[in-house]
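Working notes, beginning with the structure itself.
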Amino acid sequence: RVNIFGEISHLEGFLEDKLYCFYEFDIPSLGWKIDDENEYFEIYKKENLLEENINKLKSVTQKSECITNKEGNFQCNLSFPFELELLAHDKVMDKLWPKLLIQINSVDSWERHRIEGYTFINVPNRSGFDQIKIPCYKPKEDLSMNIFTQFLGGSRRIPDIKDISRTCSMNENEV
Numbered sequence: 248r249v250n251i252f253g254e255i256s257h258l259e260g261f262l263e264d265k266l267y268c269f270y271e272f273d274i275p276s277l278g279w280k281i282d283d284e285n286e287y288f289e290i291y292k293k294e295n296l297l298e299e300n301i302n303k304l305k306s307v308t309q310k311s312e313c314i315t316n317k318e319g320n321f322q323c324n325l326s327f328p329f330e331l332e333l334l335a336h337d338k339v340m341d342k343l344w345p346k347l348l349i350q351i352n353s354v355d356s357w358e359r360h361r362i363e364g365y366t367f368i369n370v371p372n373r374s375g376f377d378q379i380k381i382p383c384y385k386p387k388e389d390l391s392m393n394i395f396t397q398f399l400g401g402s403r404r405i406p407d408i409k410d411i412s413r414t415c416s417m418n419e420n421e422v
């Protein structure tokens, strides 16, 4: 049994002043199983308050306004907790671990939403407390896309965020 408790505490180094995140766990298909995905669904389905499954694998944080930190950088404090309970076979726990995938978005005063970047982290494979800073990547946009983004909002979107972690993992193994 693997219990993952975490928090997306803050975002730093972005130029926009209102930020939020979509996050998703990428669980290896071999040897891993989600133990508590439907816990809330069973409760709310009986009361007819919720039609869709509340899924702990994917979620979105609240929108947060940035403040200036001690170093003079914009910082958005999210303090968004998450938890996930998984079952895993001992054989795969040495090799494959889940990844947390994050898409950072901004919203401006005209309510135009933009993708500011993507990032991921391998869930640490040991117990304990970790405070981890992770870099963010953004797909390169051409001039026409920059103009479109500035006036209409929106950004170049990666169709499947899982591709980022797969590509980076393959590059690390090749080096």
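Mapping of the sequence shown onto my numbering: position 161 corresponds to residue 408, and the numbering continues sequentially without gaps.
Even glycine gets a Cβ: it sits at the ideal position worked out from N, Cα and C.
### Query
In chain order, what residues of the same chain have a beta carbon less than 7 Å from the beta carbon of N295, not counting five sequence neighbours either side?
Residue numbering aside, residue 295 sits at position 48 when the sequence shown is read from its first letter. At N295, the pLDDT of 46 sits below 50, so the modelled position is not reliable and the matter cannot be decided from this model.
### Per-residue DSSP class, three states only, for R248
Taking the first residue of the sequence shown as position 1, residue 248 is located at position 1. Three-state DSSP puts R248 in coil, outside helix and strand.
### Query
What does DSSP give as the partner residues of I362 in its beta bridges?
To locate residue 362, count along the sequence shown from 1; it is residue 115. I362 is bridged to N352.
### Query
Do you know offhand how far Y365's Cα is from D407's?
Counting from one through the sequence shown, the residue named residue 365 turns up at place 118. Counting from one through the sequence shown, the residue named residue 407 turns up at place 160. If you take the alpha carbons of Y365 and D407, they lie about 11 Å apart.
### Message
Tell me the rounded alpha-carbon separation between S256 and C383.
### Response
Locating residue 256 in the sequence shown gives position 9, counting from the first residue. Locating residue 383 in the sequence shown gives position 136, counting from the first residue. Rounded to the nearest angstrom, the two C-alpha atoms are 15 Å apart.
### Query
So, are the CB atoms of L266 and I351 less than 8 Å apart?
Counting from one through the sequence shown, the residue named residue 266 turns up at place 19. Counting from one through the sequence shown, the residue named residue 351 turns up at place 104. Contact flag set, yes.
#### Entry: Reduced DSSP category for L343 - H, G, I as helix; E, B as strand; rest coil
Residue 343 sits at position 96 when you count from the first residue of the sequence shown. Under the three-state reduction of DSSP, L343 is assigned to coil, being neither helix nor strand.
### Query
Between which two residues does the beta strand (DSSP E) containing E271 stretch?
As a first step, residue 271 is located in the sequence shown; it is residue number 24 there, counting from the start. For E271, the enclosing beta strand (DSSP E) starts and ends at 265-273.
### Task
Give the straight-line distance between the Cα atoms of L304 and A335, rounded to the nearest whole angstrom.
Sequence index remark: in the sequence shown, residue 304 carries index 57 (1-based). Sequence index remark: in the sequence shown, residue 335 carries index 88 (1-based). The C-alpha of A335 is placed about 16 Å away from the C-alpha of L304.
### Query
Out of I274, N250, N372, G278, which has the shortest C-alpha to C-alpha gap to K338?
Taking the sequence shown and counting its residues from 1, one reaches residue 338 at position 91. The candidate whose alpha carbon is nearest that of K338 is G278.
### Query
What are the residues that DSSP puts in a beta bridge with G253?
Translated into positions along the sequence shown, residue 253 becomes position 6. In the DSSP output, where bridge partners are listed per residue, G253 has F329.
### Query
In the DSSP assignment, what residue or residues form a beta bridge with C323?
In the sequence shown, counting from the first residue as 1, residue 323 sits at position 76. Answer is L258.
### Task
With distances taken Cα to Cα, identify the nearest neighbour of K385 among E363, I394, N320.
Residue 385 sits at position 138 when you count from the first residue of the sequence shown. The residue with the shortest Cα to Cα distance from K385 is E363.
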